[in-house]
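**Q** Once you've had a glance at the structure underneath, I'll fire off some questions.
Residue numbers (this note's numbering): 26 to 158.
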């Protein structure tokens, strides 16, 4: 989490200084955070240090992005329909819900009951605020 905050802050400052758009919102999006959680779980399961593993994963992703850009594969976006975008959005929503429910239930087994109840109250408050707004 600290690495993500620090890298977002540094890239935001650099983008504001050199990109000419200081009000552009740079932050972690849903798919990026889910991807980072998945890579962290893989690194933990393989008993590898997370930061180097994540760095090499991102370098590999950069190489693939460059290959797609060089071969002009962006033209294929016209074949992506709204159905594909909406399905991907539902997938992200389900993953967030599942992660929240599993972590919420896990708190009752890992933490004292007081902090578990506090997390439950915060979760209900967040859900109420989201549904109200």
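The beta carbon of each residue, even a glycine, is placed where N, CA and C say it ideally should be.
#1: Counting along the chain, where does the alpha helix (DSSP H) carrying residue 157 start and finish?
#2: What do you reckon, are the CB atoms on residue 132 and residue 141 nearer than 9 Å?
#3: Could you compute how far the alpha carbon of residue 100 sits from the alpha carbon of residue 81?
#4: Taking the alpha helix (DSSP H) that residue 103 belongs to, which residues open and close that run?
#5: Pop quiz: residue 145 and residue 129 are said to be a contact at Cβ under 8 Å. What is the actual Cβ separation, rounded to whole angstroms?
#6: Nearest-angstrom Cα distance between residue 37 and residue 86?
#7: Using the Cβ count rule (16 or more neighbours within 10 Å means buried), how would you classify residue 79?
#8: Alpha carbon to alpha carbon, what distance is there between residue 90 and residue 191?
#9: Measure from the alpha carbon of residue 58 to the alpha carbon of each residue in 28, 93, 127 and 71, then state which is nearest.
#10: Have a look at residue 33 and residue 138 and give me their C-alpha separation to the nearest angstrom.
#11: On a Cα-Cα basis, can you pick out the residue from 121, 155 and 157 that is closest to residue 63?
**A** Here's the rundown:
#1: In the chain shown, counting from the first residue as 1, residue 157 sits at position 132. Residue 157 -> alpha helix (DSSP H) spans 138-157.
#2: Position 107 of the chain shown, counted from the start, is the residue given in the question as residue 132. Position 116 of the chain shown, counted from the start, is the residue given in the question as residue 141. Contact annotation: residue 132 and residue 141 have beta-carbon atoms nearer than 9 Å.
#3: By one-based count along the chain shown, residue 100 stands at place 75. By one-based count along the chain shown, residue 81 stands at place 56. Going by the C-alpha atoms only, they are around 28 Å apart.
#4: Working through the chain shown from its first residue, we reach residue 103 at position 78. Where residue 103 is concerned, there is no enclosing alpha helix (DSSP H), given that its DSSP letter is neither H nor E.
#5: As a position in the chain shown, residue 145 is number 120, starting the count at 1. As a position in the chain shown, residue 129 is number 104, starting the count at 1. Indeed they touch by this definition, with Cβ atoms about 7 Å apart.
#6: Within the chain shown, numbered from 1, the residue matching residue 37 stands at position 12. Within the chain shown, numbered from 1, the residue matching residue 86 stands at position 61. One C-alpha to the other measures close to 21 Å.
#7: Within the chain shown, numbered from 1, the residue matching residue 79 stands at position 54. With at least 16 other beta carbons inside 10 angstroms of its own, residue 79 counts as buried.
#8: As displayed, the chain neither begins before 26 nor continues past 158, which places residue 191 out of reach and without an answer.
#9: Position 33 of the chain shown, counted from the start, is the residue given in the question as residue 58. In this structure, 28 is the residue among 28, 93, 127 and 71 with its C-alpha nearest to the C-alpha of residue 58.
#10: The sequence position of residue 33 within the chain shown is 8, counting from 1. The sequence position of residue 138 within the chain shown is 113, counting from 1. Residue 33 and residue 138: Cα-Cα distance of roughly 35 Å.
#11: To locate residue 63, count along the chain shown from 1; it is residue 38. Nearest C-alpha to residue 63 among 121, 155 and 157: 121.
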